[in-house]
Each structure stands twice: as C-alpha cells, then as structure tokens.
C-alpha cells in the first residue's frame with residue numbers, strides 16, 4: 014500500500030538499531046522495500062563509525078537526521094555544526110556520491126533540551142554548513 018501512494022517505510026537508526034550488527038540482522042530479514050532513516054549521530058554515539066555504517070546501508074537510506082554533538086561528563090551535548098564529532102561534510106559527500114534524493118533534516122531538540130540555543134539561530138547555521146559541504150563535494 015505504501016508503494017502505491019509513493020510512501021517509504023523506514024526504520025530509524027535509534028535505540029538497539031544503532032549497533033550496525035543488529036541493524037544489518039534486521040534489514041536482512043526485511044523486504045528490500047523497507048528503507049533506513051539514517052541518524053548519523055545516534056550511530057556514532059553507539060560507537061559506530063560513519064565510514065563503516067554508510068557503505069552497508071547506503072542503498073536503503075531514504076532520510077537522514079543530522080546533528081552534531083560532543084560528549085561532556087558522559088552525556089551527549091548538541092553543538093553547532095562542525096563543532097562536534099559528527100563528520101557532517103563526509104556524510105553529505107557520501108550522500109551526493111550515491112545520488113541521494115531524500116531529505117536531510119536537522120535535529121535541534123530544544124523541547125527536550127531547553128538549555129540549547131534558539132533554533133532560529135542554529136538551524137540556519139546547519140543549512141549553511143551543509144550547503145558549504147555540498148559545494149565542496
């Protein structure tokens with residue numbers, strides 16, 4: 014039914030699915046029409062590396078969540094783009110190389126982290142940063 018309406022069903026790299034081994038086991042059991050919402054930061058937080066994950070799931074990625082972060086006292090702290098440990102430009106370059114046609118959505122979850130800067134300030138920074146990455150790619 015989803016196909017008939019031009020809709021993708023995707024699993025997000027979240028919770029247990031941030032471990033590449035577990036994600037691949039699940040994807041192996043699912044119909045190839047089930048896609049992946051790739052949350053790069055979640056995978057990195059779980060100890061995975063983009064360069065290991067991406068080639069294994071690239072053909073199924075339909076949406077990407079993008080956020081950068083640093084670790085402070087064992088907790089993930091969101092930061093402005095390029096100030097953390099997420100290789101944003103590498104991700105954007107890899108997506109461009111595979112002809113990715115989906116969306117990159119910026120996650121700046123002030124509702125759950127009220128101490129964060131205002132999204133009206135930070136989201137345009139992410140957009141500019143990602144555009145710059147695309148121009149370099």
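Residue numbers (my numbering): 14 to 150.
Quick reminder that beta carbons are idealized off the backbone N, C-alpha and C, glycines included.
As the structure is a prediction and not an experimental result, all values here were calculated from the model.
For residue i and residue j, what's the separation of their Cα atoms in angstroms?
i           : j           : result
residue 59  : residue 99  : 12 Å
residue 143 : residue 102 : 7 Å
residue 53  : residue 79  : 7 Å
residue 50  : residue 150 : 22 Å
residue 124 : residue 29  : 23 Å
In the DSSP assignment, the alpha helix (DSSP H) including residue i goes from what residue to what residue?
i           : result
residue 53  : 53-58
residue 98  : Residue 98 -> no alpha helix (DSSP H), and no H or E assigned at all.
residue 135 : 132-149
Within the continuous beta strand (DSSP E) that includes residue i, where are the two ends?
i           : result
residue 111 : That residue, residue 111, is in no beta strand (DSSP E); it is neither H nor E in DSSP.
Give me whichever residues DSSP pairs with residue i in a beta bridge.
i           : result
residue 119 : 79
**OP:** Entirely within the segment 23-94 and at least 3 residues each: give me those beta strand (DSSP E) ranges in chain order.
**Re:** 47-52, 74-79, 81-85 and 88-92
**OP:** Could you tell me whether the segment 127-142 touches the segment 32-52, where touching means 3 or more Cβ pairs closer than 8 Å?
**Re:** no
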